[in-house]
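I have placed the structure first, in the form of structure tokens, so that the comments after it can refer back to it.
Numbering (the working numbering), first residue to last: 131 to 278.
This is the structure:
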């Protein structure tokens, strides 16, 4: 992974690895990677997509993680996130979990989630709100036009 490839991601955030995240082998337990995605996703939606949680909720219909290199307390984790696909009621997000040490980037995991919009009152899936869909499509088109 290079800095140029990371530029294809619209947003990133630092994640603090906690001692409680570690397993008996002193590396981050695999279940925590999805928690890191959730933290990054929530910050991304609030800051970049301007999601209004009072109107429409989001549920995760599918999550997948490719584990590439163990994470430990020594790693300074940064999660990169972007919208990679937009439908009518659902959209897909891609994540990269990266650390940098002595100028060297290490990709610890790649992940994807399929997110579905839901009206919690009716418990029915609903269309992606127009404002948020427009922001996601603008981001998606920007990176598609760049050739990523």
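All C-beta atoms, glycine included, are put in the ideal place defined by N, C-alpha and C. Bear in mind that the values here come from a model prediction, so they are computed numbers and not experimental data.
Quick check: what's the CA-CA separation for residue 192 versus residue 150? 26 Å
For residue 200 and residue 219, what's the separation of their Cα atoms in angstroms? 35 Å
Check for me: the alpha helix (DSSP H) holding residue 163 runs from which residue to which? 161–174
Locate the alpha helix (DSSP H) running through residue 136, then write down its first and last residues. 133–136
Return the CA-CA distance between residue 216 and residue 267, expressed in angstroms with no decimal places. 7 Å
Determine whether the beta carbon atoms of residue 164 and residue 195 lie at a separation below 8 Å. yes
Considering only the alpha carbon of each residue, which of 183, 197, 264 lies closest to residue 226? 197
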